[in-house]
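Numbering (this note's numbering), first residue to last: 2 to 718. A virtual CB, placed ideally from N, CA and C, is assigned to each residue, including glycine. Here the structure is a predicted model, which is why all the values come from computation and not from measurement. Data block below; observations after.
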Amino acid sequence: MLRINDIIDKAQTYLPQEDLEMIEKAYIYSASVHQGQIRLSGEPYLTHPMEVAGILTDMKMDAATIISGLLHDTIEDTLTTAEHLEREFGRDVTFLVRGLTKLSKISFGSQEERQSENLRKMILAMSADIRILLVRLADRIHNMRTLQYHPKEKRIYIARETMDIYAPLANRLGINWMRMELEDLSFQYIASDAFNELTTKIAKSKEARNRYTEEVRSIITNEIDKHSIKGRVEGRAKHLYSIYKKMHEQHIDFNEVYDLIAFRIILDSDKEKSCYEALSMIHALWKPVPGRFKDYIAMPKANNYQSLHTTVIGPYGERVEIQIRTKTMHEWAEKGIAAHWRYKEGRAYKDNEQDQIKKLREILEIQQDVKNPKEFMSDLKLALFPEEVYVFTPHGDVKSFPKGATPIDFAYSIHTDVGNQCIGAKVNRSIVPLRYKLQNGDTVEIITQAGHHPSKDWLKNVVTTRATSKIRNWINLEEKKNSMALGRDLLEKEFKRHNLKFNNYMKTNEIKKVFAGFSVNQIDDLLSYVGLGRISPKRVVNYFLADGEVSATEPIKEKLKKKRLAPPSLGVSLIGVEDPDYIMVNFAKCCNPIPGDEISGYISRGRGVIVHTSNCPYIKKMGKDRIVNVQWNFREEHTYPVHIKVVCDDIKGVLTEVSSIISSFDVNISYAEVETVNLIANCNFIIDISSLPLLNQILSELKRLKFIKSIEWLHHF
Ligand code: MN
Numbered sequence: 002m003l004r005i006n007d008i009i010d011k012a013q014t015y016l017p018q019e020d021l022e023m024i025e026k027a028y029i030y031s032a033s034v035h036q037g038q039i040r041l042s043g044e045p046y047l048t049h050p051m052e053v054a055g056i057l058t059d060m061k062m063d064a065a066t067i068i069s070g071l072l073h074d075t076i077e078d079t080l081t082t083a084e085h086l087e088r089e090f091g092r093d094v095t096f097l098v099r100g101l102t103k104l105s106k107i108s109f110g111s112q113e114e115r116q117s118e119n120l121r122k123m124i125l126a127m128s129a130d131i132r133i134l135l136v137r138l139a140d141r142i143h144n145m146r147t148l149q150y151h152p153k154e155k156r157i158y159i160a161r162e163t164m165d166i167y168a169p170l171a172n173r174l175g176i177n178w179m180r181m182e183l184e185d186l187s188f189q190y191i192a193s194d195a196f197n198e199l200t201t202k203i204a205k206s207k208e209a210r211n212r213y214t215e216e217v218r219s220i221i222t223n224e225i226d227k228h229s230i231k232g233r234v235e236g237r238a239k240h241l242y243s244i245y246k247k248m249h250e251q252h253i254d255f256n257e258v259y260d261l262i263a264f265r266i267i268l269d270s271d272k273e274k275s276c277y278e279a280l281s282m283i284h285a286l287w288k289p290v291p292g293r294f295k296d297y298i299a300m301p302k303a304n305n306y307q308s309l310h311t312t313v314i315g316p317y318g319e320r321v322e323i324q325i326r327t328k329t330m331h332e333w334a335e336k337g338i339a340a341h342w343r344y345k346e347g348r349a350y351k352d353n354e355q356d357q358i359k360k361l362r363e364i365l366e367i368q369q370d371v372k373n374p375k376e377f378m379s380d381l382k383l384a385l386f387p388e389e390v391y392v393f394t395p396h397g398d399v400k401s402f403p404k405g406a407t408p409i410d411f412a413y414s415i416h417t418d419v420g421n422q423c424i425g426a427k428v429n430r431s432i433v434p435l436r437y438k439l440q441n442g443d444t445v446e447i448i449t450q451a452g453h454h455p456s457k458d459w460l461k462n463v464v465t466t467r468a469t470s471k472i473r474n475w476i477n478l479e480e481k482k483n484s485m486a487l488g489r490d491l492l493e494k495e496f497k498r499h500n501l502k503f504n505n506y507m508k509t510n511e512i513k514k515v516f517a518g519f520s521v522n523q524i525d526d527l528l529s530y531v532g533l534g535r536i537s538p539k540r541v542v543n544y545f546l547a548d549g550e551v552s553a554t555e556p557i558k559e560k561l562k563k564k565r566l567a568p569p570s571l572g573v574s575l576i577g578v579e580d581p582d583y584i585m586v587n588f589a590k591c592c593n594p595i596p597g598d599e600i601s602g603y604i605s606r607g608r609g610v611i612v613h614t615s616n617c618p619y620i621k622k623m624g625k626d627r628i629v630n631v632q633w634n635f636r637e638e639h640t641y642p643v644h645i646k647v648v649c650d651d652i653k654g655v656l657t658e659v660s661s662i663i664s665s666f667d668v669n670i671s672y673a674e675v676e677t678v679n680l681i682a683n684c685n686f687i688i689d690i691s692s693l694p695l696l697n698q699i700l701s702e703l704k705r706l707k708f709i710k711s712i713e714w715l716h717h718f
């Protein structure tokens, strides 16, 4: 059993005294909270965090990481709280332990094989600090080393998970020894027969292999000495799983696997040039196998691995695989990202972290992988600057979304109906607003209500294309309904002007001529095109008028005049006039006052009192003796026609949208038309307004529409 002194002994080679004291403190703490807990192996639970911390110390991790190793299960499995940890060990350690607690939760639940890529990404994304992932991997290594104590089914499940998720993660981070150990340990449980067979074969050939290894090694060593190249030569059996994979993938027998042993020249010099020199020396010594040379120095692997690889025909005519690299490249090849976590004395954690991130950035910038650079880049970026979030369905399935996604995106990812009828969401069992931004690890549940429908505002709160297009579809459908209703209304009015009833023509053969004339197929399309302003109601009615009678375009001015002919006299009351009912009241055409305007009355000859706005230039010129005080009489509702001119982008449905806003104020639209010129739509409306505040309300509502360029309202002619 590993003892705290073993850890301290190793740590003191690179950590200062105060760090060692903290590690000891964490040990005592961990021992006390885990007291009485026993592992399946029968050992005290404490052995597990100790081993994890030991692995991290071997990796020369900083104190916070080692302490997190000692404490990684405390929040999850003991009565310890994050608050308590923070008091005792500070924020940095607490942050890591919390991250680990969160991570440990996602390994449970039943995942489909195909989801493992998602899970890997999720784990990366949740490891906001790469150290979280390193502790997690060390944790997994120790759990795999002691897997034999679990029941068989559990063993296979954990081994699969390790093979699918953790070994590839170690590979991504370039920590080769971890990848190999995780793969071999998993292999042992997943395919135990093949594992045992291979182990036996390798054991049998061990002696011969050792002899052979020694022989090749000394030939290479002599050769590099001769060329006064400084370095060492290693010959090592490849790890079992890679041999197994090779046999399996290439359908070859164990005896045909020549390169069981990989030779490696590790140069003292840090110059890349020396590697190429050593390579040419090897190629002069043994004949290279064509097509087997790989230059990972010029083109590093995705995980930043650098080396020269070559295969040559060795002393017995066999293939020999040789790797050539510098010491620095070797350190990276073995430790990967962990090689960057070297503790730098006297540096505060923050600097240290920035340093790490800077280094990772540099790594990212120099990435040029031969195979799949994109994947690694995005994964590593994800680890540092997460761009995606991973959340759970209530059943434990993982779903991934772009960063910024909301429960609405989630709802549409399940089913269009779930999206359309979504009225709320629960995240981790609490209700959240629909604009809530999903976080990694959230469990999301959607609340629906039959008959509910999407709102246009939702478009501002979704990021997935699926949700966006589904919401748009719904809105388009809704707009079509609205434009049809408006189209019908406009047609009915236009027909009525000619004493015709539109409804009588709807199902006749004559309407089919109209369809042909406007290239539409059905009444719905005709209605909607009229509603959208693409077809004018006048052109439709012309089909049904007697020869010679044409629904001429009546200038809007004329329309207004007609409308204005009968302004209700009861709209104003005269102040100080004894019997106002007997006095005729007219509204001035120069300023066309509407209720809410400040008004003055002018006593005319023969036309009664003419009501002007108070600031009308005409009334100012009139003699004061003929002016009377008048005021609006709001006791009864009267409406006044107002001409609204809207200039906007020519997008589908402008007319419908503007009309539906006006109608929402319960205001009658007596006339509506659209003219389109050069992608600009000029819309003219005559609406019946009962007061100025109401008009202002409508205008300010219209101004909120993005596609509108300008709005004018006119009643001065
Ligand atoms: Mn653990």
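Considered as a whole, the segment 139 to 189 harbours 153 to 162, 168 to 173 as its complete alpha helix (DSSP H) runs of no fewer than 4 residues, in chain order. Beta bridge pairing from DSSP links C684 with V647, V675.
Given a length threshold of 4 residues, each whole run of the alpha helix (DSSP H) inside the segment 80 to 112 is given here in chain order: 83 to 107. Annotated as proximal: Y245 and F188, with beta-carbon spacing under 8 Å.
Secondary structure of R233 (DSSP, three-state): strand. Checking the 7 Å criterion, the Cβ of H151 is out of range of every heavy atom belonging to the ligand MN. The residue among F255, I225, G232 with its C-alpha nearest the C-alpha of K205 is F255. Closest by C-alpha distance to E702, out of F666, A682, A673, is F666. Inclusion of V419 and T465 in the CB contact set at 8 Å is not warranted, their separation being larger than that value.
Relative to the ligand MN, the beta carbon of H331 is positioned no closer than 7 Å to any heavy atom. For S229, the closest C-alpha among the options E208, S270, R265, F196 is that of S270. For I325, the number of other beta carbons within 10 angstroms of its own is at least 16, and it is reported as buried. Contact check for V643 against I611 fails: the beta carbons are separated by 8 Å or more.
Between the segment 327 to 342 and the segment 51 to 67 there are three or more inter-stretch CB-CB distances shorter than 8 Å, so the stretches are counted as touching. Cα atoms of T469 and S105: separation of roughly 34 Å, rounded to the nearest angstrom. The set of residues with a C-beta under 5 Å from any non-hydrogen atom of the ligand MN comprises D74, D140, given in chain order. Excluding five sequence positions before and after P596, the CB atoms of its chain that fall closer than 6 Å to its own CB belong to W633, S692, given in chain order.
For the set P169, T147, A54, A195, the Cα lying nearest the Cα of R132 is the one of A54. Check the Cα spacing between I67 and each of V94, V648, S671, K231: the tightest is with V94. The distance from the Cβ of G534 to that of V675 is about 3 Å, consistent with a contact at the 8 Å cut-off. Rounded to whole angstroms, the separation of the alpha carbons of F411 and S664 is 35 Å. Using a 10 angstroms sphere on the CB of N421, the tally of other CB atoms reaches 16 or more, which defines it as buried. In this structure, Y413 and R467 form a Cβ contact; the two beta carbons are roughly 5 Å apart against a cut-off of 8 Å. With a threshold of 16 other beta carbon atoms within 10 Å, T200 falls short and is exposed. Nearest Cα to N304 within the set R180, S31, C592: R180. Taking the Cα of K239 as reference, the smallest distance to any Cα among E162, A32, S219, E184 is reached at E184. Of the candidates K497, N197, I687, the residue whose Cα lies closest to the Cα of L656 is I687. Inter-residue distance for R540 and F519 is about 10 Å (C-alpha atoms, whole angstroms). For the pair T407 and L435, the CB atoms are nearer than the 8 Å cut-off. Going by beta carbons, R137 and L148 fall outside the 8 Å limit. Below 8 Å, too few C-beta pairs join the segment 495 to 512 and the segment 616 to 632 to call them touching: fewer than three. Rounded to the nearest angstrom, the gap between the Cα atoms of I191 and R161 is 7 Å. If you draw a straight line from the Cα of P50 to the Cα of G70, it comes to about 6 Å.
Counting along the chain, no beta strand (DSSP E) covers R430, and no H or E run does either.
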